[in-house]
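Undergrad: In terms of our numbering, the sequence shown opens at residue 218 and continues consecutively.
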Amino acid sequence: MAGFLITVHLAPVSLVVAQLPPSASEDSLRGNPTKKAPANWFNLDRSENQVPGVSTEKAYQLLKDRPSKTVVVAVIDGGVDEEHEDLKSRMWVNEDEVAGNGVDDDKNGYVDDVHGWNFIGGKDGRNVDQDTYEVTREYGRLRKKYEGVVPAKVKKKEQAEYGHFRKVKATVETKVRELQEQTTSFSAFKTVYEEAREVIKSALGKDTLVADEIAALRATDEKTKRAQSVLLYALANDMTEASLKETEEYFDKGLKYGYNLAFDPRGIVGDNPANLKEKYYGNNDVTGPDASHGTHVAGIIAADRTNALGIRGVADNVRIMAVRAVPNGDERDKDVANAIYYAVDNGARIINMSFGKDYSPNKELVDAAVNYATSKGVLLVHAAGNDGENIDTASNFPTVKFGSTSRALKNWIEVGAASWKDSTDLAADFSNYGKNTVDLFAPGVDVHSTMPNQGYKDNSGTSMAAPVTSGVAALLMSYFPNLSAEQIREVLVQSTVKRREVRVNKPGEEEAGQESTIAFGELSKTGGVVNAYEAVRRAEELSGRQLAPAR
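Okay, structure coming up:
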């Protein structure tokens, strides 16, 4: 998975008509009930609510009537809907900038950056929406040099680069072939599914289909039985019209944009891609053409807890600085580095990064920006990724380690995704993990948060787990302003609710058709889930600030 670290519910496209079960019964549906996550679960408490949330509400009971300071959290993402009912009062405002006057009032190099900045937009107001994956760009860059070259004639000093070329070429060609095959299989299944819906609509005499009625239908002819079987199978596998549409879009975008060597939207931005030191490009449109991911992330951190609307974010005294640098595709290292510099220079104390990719050709740019943020006392929170892989060995850039010495950062938190099911499913089946790389886990399955145009939606991914952690970090910085970013990180790590010995399904194996369990403690450094209540207690001890019991 690349770019945004949110899961896409893909229909099992490898299934074609002949592979569908010959029959299905009412029990096949009832045996796979879709249990919903409790509302606000990520803020709830294990002991009080029987859900492994981060105990936010319990933490605020402890902090009741305590003073706090506003903390700015930068969300480097695909855009944030600053007009959302649950976010507009929580957006960072650059007080030194006069909105809409076309002047760089604060002389920071960015004109009218009232709520943040957009590094993937042009001066003419256009914005990059779709982009290629980094592996595609790497293939395109090296193809000019190595395509058709006889391996034996490659110079010794170029052997490593040539090997990299062959790897990225094989990856792109394989992905394109797989997407084409999956698209064919998907189209066949979609046709069968749509025909089955029409048959069952006719059999039931209604246009709206309900799961229980489909299951209870006593079909007598083979055509209806077959259609019922198809729909029951789809329901049992959480396949809906919405998920089928999502799957179709996923395949279409991969072929049309992600792995398409001929696609290059960078001209929209108007920068010089070869000038890696260039900074002052882009525009002030922090919403962009698709703010769904960033708006969801921002809501988890900061949705207004007092307005009785929608949801409650984790942090109550926080402002969101929106920095747009991540398209639907892979972010570029130059943009990520500039986004970090912008966030730090304009007052962010925490930077949330719910994105990642497999390749980073200009990693040194991001490393330098991360090092700068660390030197300024800024906490960086990064999503571990959704490939179900061990990132102690696999790549998910930007990384927790940087520079030639591979020195681990003390202001960096790498976050895996946990489920609301406090059992063998505690670790999300898609989450990346790593005993030496991932610091902790946080709620990242069925997290309800804000969406553009006053919407709300459940999403899953380490993209959700990272902002839960950023929210807890912001809460701590707000109520314990004397603690440094490094100390806040230590508090979060030390105060996790330990689940080391719990046997959980190993991430990544369900999709591969395997089944095995692993100790939760083998998936991260702490073997724990972030917890606001325990973090507040630990921060109290560390800061020496005695908090009396809340009245």
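Beta carbons: idealized from backbone N, C-alpha and C, even for Gly.
Using 10 angstroms around the beta-carbon of Gln445, count the other beta-carbons present and answer buried if the total reaches 16, otherwise exposed.
TA: buried
Undergrad: Taking the alpha helix (DSSP H) that His510 falls in, what are its first and last residues?
TA: Per DSSP, His510 is one residue of the alpha helix (DSSP H) stretching across Ser509 to Ala519.
Undergrad: According to DSSP, simplified to helix, strand and coil, what is Phe480?
TA: coil
Undergrad: What's the gap between the Cα of Asp642 and the Cα of Val746?
TA: 14 angstroms
Undergrad: Hey, how far is the Cα of Asp639 from the Cα of Arg263?
TA: Roughly 9 angstroms separates the two Cα atoms.
Undergrad: Using beta-carbon positions only, say whether Gly744 and Arg716 come within less than 8 angstroms of one another.
TA: In this structure, Arg716 lies closer than 8 angstroms to Gly744 by Cβ.
Undergrad: Where does Glu581 fall in DSSP's three states?
TA: In the structure shown, Glu581 sits in a helix (DSSP, three-state: H, G or I).
Undergrad: Ordered along the chain, which non-local residues of its own chain (more than five positions away) have a Cβ less than 6 angstroms from that of Pro544?
TA: Ile337, Val345 and Asp348
Undergrad: So the alpha helix (DSSP H) Thr349 belongs to, where does it begin and stop?
TA: It is not in any alpha helix (DSSP H) - Thr349 carries neither H nor E in the DSSP assignment.
Undergrad: Assuming Ile557 and Val598 form a contact by the criterion Cβ under 8 angstroms, report the distance between their Cβ atoms to the nearest whole angstrom.
TA: Rounded, the Cβ-Cβ distance is 12 angstroms, inconsistent with contact.
Undergrad: Measuring only the C-alpha atoms, how far is Glu758 from Lys275?
TA: The alpha-carbon separation between Glu758 and Lys275 amounts to approximately 18 angstroms.
Undergrad: Checking 8 angstroms against the spacing of the C-beta atoms, do Leu596 and Asn628 come in under that value?
TA: yes
Undergrad: Would you kindly work out how many angstroms separate the C-alpha atoms of Gly333 and Asp552, rounded to a whole number?
TA: 14 angstroms
Undergrad: Apart from the five residues just before and just after Arg287, which ones in its own chain have a Cβ nearer than 8 angstroms to its Cβ?
TA: In the sequence as presented, Arg is not what sits at residue 287; that position holds Thr. Here the set comprises Asn534, Val535, Arg536 and Ser695.
Undergrad: Quick check for students: name the residue ranges of the beta strand (DSSP E) that lie wholly in the segment 418–482, counting only runs of 3 or more.
TA: The segment 418–482 contains no whole beta strand (DSSP E) run of 3 or more residues.
Undergrad: Could you pull out every unbroken beta strand (DSSP E) segment of at least 3 residues lying fully inside the segment 677–739, listed in chain order?
TA: Complete beta strand (DSSP E) runs here, min 3: 720–722 and 734–736.
Undergrad: Using only the alpha-carbon positions, how far apart do Ala585 and Val409 sit?
TA: 53 angstroms
Undergrad: Work out the CA separation of Ile567 and Glu398 for me, nearest whole Å.
TA: 43 angstroms
Undergrad: From Lys372 to Gly516, what does the alpha carbon distance come to, in whole angstroms?
TA: In this model, Lys372 and Gly516 are separated by some 52 angstroms (Cα to Cα).
Undergrad: Taking the DSSP output, what are the residues bridged to His599?
TA: Met570 and Glu631
Undergrad: Looking only at its own chain, which residues have a Cβ that is under 6 angstroms from the Cβ of Thr400, when we skip the five neighbours before and after it?
TA: Phe468
Undergrad: So, does the segment 298–311 touch the segment 493–513, judging by three or more C-beta pairs under 8 angstroms?
TA: yes
Undergrad: Among the candidates Asp282, Ser577, Arg283 and Glu312, whose CA atom is the shortest distance from the CA of Tyr350?
TA: Ser577
Undergrad: Once DSSP output is grouped into helix, strand and coil, what is the label at His301?
TA: In this structure, DSSP gives His301 a state outside helix and strand, which the three-state scheme calls coil.
Undergrad: Tell me the DSSP secondary structure of Arg541 in three-state form.
TA: strand
Undergrad: Can you tell me whether Ser175 is helix, strand or coil according to DSSP?
TA: This structure cannot settle anything about residue 175, because the visible part of the chain is limited to 218 through 768.
Undergrad: Decide if Asn489 is buried, meaning its Cβ has at least 16 other Cβ atoms within 10 Å, or exposed.
TA: exposed
Undergrad: Alpha helix (DSSP H) containing Leu279: first to last residue?
TA: Element bounds for Leu279: Thr273 to Leu279.
Undergrad: Please state whether DSSP places Leu359 in a helix, a strand or coil.
TA: DSSP places Leu359 in helix when its eight states are reduced to three.
Undergrad: Among Thr713, Ala683, Ile735 and Asp604, which residue has its Cα nearest to the Cα of Val721?
TA: Nearest of Thr713, Ala683, Ile735 and Asp604 to Val721, Cα basis: Ile735.
Undergrad: So, for Glu727: in the same chain, excluding its five sequence neighbours on each side, which residues have a beta-carbon less than 7 angstroms away from its beta-carbon?
TA: Asp646
Undergrad: Looking only at C-alpha atoms, which of Leu421, Ser460 and Arg435 sits nearest to Phe403?
TA: Ser460
Undergrad: Which two residues bound the contiguous alpha helix (DSSP H) that contains Ala659?
TA: Ala659 -> not in any alpha helix (DSSP H); beta strand (DSSP E) instead, spanning Leu657 to Pro660.
Undergrad: Distance, Cα to Cα, Asn325 vs Lys253?
TA: When rounded, the distance between both Cα atoms is 47 angstroms.
Undergrad: Which word fits Gly422, buried or exposed, when buried means at least 16 other C-beta atoms lie within 10 angstroms of its C-beta?
TA: exposed
Undergrad: Among Ser741, Val416, Ala683 and Ile431, which one has its Cα closest to the Cα of Lys652?
TA: Closest in alpha carbon position to Lys652, among Ser741, Val416, Ala683 and Ile431, is Ser741.
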